[in-house]
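Q: First residue of the sequence shown? That's 1382 in the working numbering, and the numbers climb one at a time after it.
All residues carry an ideal CB built from backbone N, CA and C; glycine is no exception.
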Amino acid sequence: MQRPLQSVQKWLMYLWPGFLSLGFIALILGFAFSGLVSEIKNIDLTRIFQNNYLFRVIGFTFFQAGLSTLLATLVAIPVARALARRPALPGRKIFLQLASLSLIIPTIVGVFGIVAIHGRNGWLNQFLSLFDLSAGNYLYGLTGILIAHVFFNAPLLSRIFLQSLEALPPEYWRTTAQLGMTGKDIFRLIEWPLLRRTIPASCGLVFLLCFTSFAVVLALGGGPSTNTLEVAIYQAIRFDFDIPKAVILSLAQLSLCFILLIIGSKFARHVMLQKTEERSVQRFDARHTRAQITDSLALLVMVLLVVPPLLATIWKALSPRLIAVITDEKLWTASFNSLLISLTAGCIALILAIGISLMLRSLQSPYRLGRHHFASSFATMTDLSGSIILLLPPFVLATGLFITFRTAASLTILAPFLVIIVNALMTLPFILRILVPAFETSAQKSDHLCDNLGIKGLNRICIVDWPQNRKALGLALGLSVALSTGDLSVIALFGTQDFTTLPLLMFQKMGSYRLDDAAITALFLCLQSLILFILIERTIAGKRFSFSTIEANKKVSTRA
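(1) Could you check which residue in Leu1527, Ile1458, Leu1795 and Ala1633 has the C-alpha nearest to that of Val1598?
(2) Can you look up Thr1877 in the DSSP assignment and give me helix, strand or coil?
(3) With distances taken between CB atoms, is the gap from Leu1863 to Phe1914 smaller than 8 Å?
(4) Where does Glu1552 sit, in a helix, a strand or coil, going by DSSP?
(5) Just the C-alpha distance for Ile1421 and Phe1414, rounded to the nearest angstrom, thanks.
(6) Closest to Thr1379 by CA distance: which of Asn1850, Leu1452, Pro1459 and Leu1809 is it?
(7) When the Cα atoms are used, what is the spatial distance from Thr1557 to Gly1447?
(8) For His1651, count neighbouring Cβ atoms within 10 angstroms of its own Cβ and tell me buried if that reaches 16, exposed if not.
(9) Since Thr1579 is in the alpha helix (DSSP H), which residue starts that stretch and which ends it?
(10) Can you give me the Cβ contacts of Gly1751 inside the same chain, cut-off strictly under 8 Å, excluding the 5 residues immediately before and after it?
(11) Let me know the secondary structure DSSP gives Leu1773 once reduced to three states.
(12) Consider the C-beta atom of Glu1572 and the heavy atoms of the ligand ZN; say whether any pair is separated by less than 7 Å.
(13) Enumerate in chain order the residues of its own chain whose CB-to-CB distance from Val1531 is below 7 Å, with the five nearest sequence positions on each side excluded.
(14) Under a three-way DSSP split, which group does Ser1723 fall into?
(15) So, with DSSP's three-state summary, where would you put Asp1868?
(16) Cα-Cα, which of Pro1689, Pro1774, Ala1715 and Val1817 is closest to Gln1889?
(17) Using C-beta distances below 8 Å, list every residue in its chain close to Ile1495, excluding the 5 sequence neighbours before and after it, in chain order.
(18) Assuming Ile2006 contacts Pro1797 under a Cβ cut-off of 8 Å, what Cβ separation, rounded to an integer in Å, is found between them?
(19) Which residue from Gln1849, Gly1727, Ala1596 and Leu1408 puts its Cα closest to that of Ile1872?
(20) Between the Cα of Leu1854 and the Cα atoms of Ser1893, Arg1814, Thr1882 and Thr1877, which residue gives the shortest distance?
(21) Go ahead and label Gln1878 buried or exposed: buried means 16 or more other beta carbons lie within 10 angstroms of its beta carbon, across all protein chains shown.
(22) Take every Cβ of the stretch 1803-1812, pair it with every Cβ of the stretch 1725-1744, and state whether three or more of those distances are shorter than 8 Å.
(23) Nearest to Val1490 by CA position, among Val1688, Arg1569 and Ala1903, is which residue?
(24) When you compare the CB positions of Arg1785 and Gly1522, do they come within less than 8 Å of one another, or not?
(25) Applying the criterion that 16 or more other CB atoms from any shown protein chain within 10 Å of the CB defines a buried residue, is Lys1697 buried or exposed?
(26) Between which residues of its own chain and Ile1618 is the CB-CB distance below 8 Å, once the five residues before and five after are set aside?
(27) Express the C-alpha separation of Phe1444 and Arg1702 in angstroms, rounding to a whole number.
(28) Using the C-alpha atoms, what's the distance from Asp1513 back to Val1937?
(29) Tell me which residue opens and which closes the alpha helix (DSSP H) that Ser1893 is part of.
(30) Express the C-alpha separation of Leu1816 and Thr1579 in angstroms, rounding to a whole number.
(31) Looking only at its chain, what residues have a beta carbon closer than 6 Å to the beta carbon of Thr1882, apart from the 5 residues adjacent to it on each side?
(32) List the endpoints of the continuous alpha helix (DSSP H) containing Ala1465.
(33) Candidates Ile1735, Ser1870, Leu1739 and Asn1850: which alpha carbon is nearest Leu1799's?
(34) Between Gln1849 and Ile1541, what straight-line distance do the alpha-carbon atoms span, to the nearest angstrom?
(35) Thinking C-beta only, is Leu1586 closer than 8 Å to Ala1461?
If you want it as structure tokens, here you go:
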């Protein structure tokens, strides 16, 4: 009897941080699910399914996500081949960093840049008007959604495909030159077999990002015919206050996301972006005239896709309204709210992630719990529990929490709480992908020594874990804060006149066609997000700022 009791005490001694983190997550999910389930009895299925509304929304969600992924892939493959063939291309490093910017900036800022280029009074129509031509109002609807999704995701796929192509041995290219292989032969026999192994996982990631896209569809959708599930949930609560309809849509999205993640797990591969600008491989096929033409066209398409929206945002921000907007009290109030939300959500996410990481380290260490047969299975369950939030789109989680607590407090009181909690849980899977490997590496280096010297608990955290993992901790907190700063999804649902953040303020100005004010707010939002990331990472981690670091950990970590 004494031995099992000692075993339980030993487990609790090492695993209590993880139990606290998982308990908090389970409590929030329990509140959310209880809210959703409580409304099922009020649902009139005949009213919800009339006119095939739900199926139409689901169908368009799948259609736009699939088409967006296909177009992003068709753009990314030629760009990756062009960059792989030309490692000494002038300006290649700058090109890669510019491509990274489309992945770093908040979604609503990228949407504004696209409107500034492709809108009715955008740069494209202004240019065509010089020749008495007009492209018309093509932006709002499926076309605008596709342009925005390709803008955000083609650079990501390009870098993933580029890394795969650069992994090929240099001897391949000497052999292709000796055999006189054409570019078509090289792609069919060498490049495509390699890309084919990378495409399912990377395109599955992009499909999920497009499937759960909110800000892009809300700003550029153009009407009910182009609603996705997330936008439909938003409209059901924000405009119609139709809770049963929102619950049906939330449960539908939850089920579909679960199915997609199960399917995606079959193709999951570890993808980590690394530096690509320092490798030097001679590709003899790059000298061919056809390769030079196709590569130039591919790179030109990527430049025209990424650079003009960024330039347009900066150009419009440098307007006579700059001083008036910067000195507006609403801007600084929204900035303070964004700062408060992002820092609080980032700290909560970091604390939860540290608890889960410490639990996983103890479960996997032979010096803690021994090689217990149950430890391995429990470690797998713990890892999945930390990432289960990926099954819950922000709106589904926020909707359930709102239904649960709506009778307990007013929306003015609930809004900050809901936004902070949901943002913290949404960023948790990302920073777990940073902290868990870091703590595992630290354990491999120090577990045996700490066990022999009796260093444990808080002493180990201060003496061993902090010096070894401070870079990972700084990156995790900076990333979580940056993601929360630019998030529009939950605040768009629960924002009020008394509680507004920078993304919501910018969206409101875009909706009222004050584009100059929106551009200045967008630039201010980008600067706040980047400055917070740099300050946090340098203060905690003492690490130099790198665009590629942000990009790799912000997007690629979502593969989980």
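A: A quick look at the data gives this:
(1) Ranking Leu1527, Ile1458, Leu1795 and Ala1633 by Cα distance to Val1598 puts Leu1527 first.
(2) In the structure shown, Thr1877 sits in a strand (DSSP, three-state: E or B).
(3) According to the sequence shown, residue 1863 is Ala rather than Leu. In this structure, Phe1914 lies closer than 8 Å to Ala1863 by Cβ.
(4) Of the three classes helix, strand and coil, the one that applies to Glu1552 here is helix, per DSSP.
(5) Distance between the alpha carbons of Ile1421 and Phe1414 is about 11 Å.
(6) Outside the displayed range of the chain (1382 to 1941) lies residue 1379, so it cannot be described from this structure.
(7) Each residue's alpha carbon lies about 35 Å from the other.
(8) Because the pLDDT at His1651 is just 45, under 50, the model does not fix this residue reliably, and the point stays unresolved.
(9) Segment Trp1573 to Phe1592, the alpha helix (DSSP H) holding Thr1579.
(10) For Gly1751, the predicted structure reports a pLDDT of 49, less than 50, and the residue's modelled location is therefore unreliable. A value from the coordinates is still provided. Counting only Cβ-Cβ distances below 8 Å, and skipping sequence neighbours, we find nothing.
(11) It is coil, neither helix nor strand.
(12) Only the bare structure without any ligand can be found here, which leaves the ligand ZN out of the picture.
(13) In chain order, Ser1449, Leu1452, Ala1453, Val1456 and Leu1686 place their CB closer than 7 Å to the CB of Val1531, counting only its own chain and leaving out the 5 sequence neighbours on each side.
(14) Collapsing the DSSP output to three states places Ser1723 in a helix.
(15) Looking at Asp1868 - three-state DSSP - the assignment turns out to be coil, as it is neither helix nor strand.
(16) The alpha carbon of Gln1889 has as its nearest neighbour, out of Pro1689, Pro1774, Ala1715 and Val1817, the alpha carbon of Ala1715.
(17) Leu1520, Gly1525, Ile1528, Ala1529, Phe1532, Leu1601 and Pro1690.
(18) An answer regarding residue 2006 cannot be provided, because it is not within the stretch 1382 to 1941 covered by the chain.
(19) Checking every option, the nearest Cα to that of Ile1872 belongs to Ala1596.
(20) Comparing alpha carbon positions, the residue from Ser1893, Arg1814, Thr1882 and Thr1877 closest to Leu1854 is Arg1814.
(21) Exposed is the call here.
(22) Counting C-beta pairs with one atom in each stretch, the stretch 1803-1812 and the stretch 1725-1744 have three or more that are closer than 8 Å, which means they touch.
(23) When only C-alpha atoms are compared, the closest one is Ala1903.
(24) The identity of residue 1785 in the sequence shown is Thr, whereas the question assumes Arg. Taking 8 Å as the Cβ cut-off, Thr1785 and Gly1522 do not qualify as a contacting pair.
(25) Counting other Cβ atoms within 10 Å of its Cβ, Lys1697 reaches 16 or more and is therefore classed as buried.
(26) Closer than 8 Å at Cβ, skipping near neighbours: Ile1624, Ala1627, Thr1780, Phe1783 and Leu1874.
(27) The straight-line gap separating the alpha-carbon atoms of Arg1702 and Phe1444 is approximately 40 Å.
(28) Low confidence applies here, because Val1937 scores a pLDDT of 38, under 50, leaving its location unreliable; read the following figure in that light. Distance between the alpha carbons of Val1937 and Asp1513: 44 Å.
(29) Run containing Ser1893: none; DSSP gives neither H nor E here.
(30) Between Thr1579 and Leu1816, the C-alpha separation is close to 25 Å.
(31) The residues Ala1715, Asn1718, Ser1719 and Ile1872, in chain order, have a CB closer than 6 Å to that of Thr1882 in the same chain once the five nearest residues on each side in sequence are set aside.
(32) DSSP places Ala1465 in the uninterrupted alpha helix (DSSP H) bounded by Tyr1434 to Arg1466.
(33) Out of Ile1735, Ser1870, Leu1739 and Asn1850, Ser1870 has the C-alpha closest to the C-alpha of Leu1799.
(34) Between Gln1849 and Ile1541, the C-alpha separation is close to 29 Å.
(35) With respect to Leu1586, Ala1461 sits apart: the two C-beta atoms are not nearer than 8 Å.
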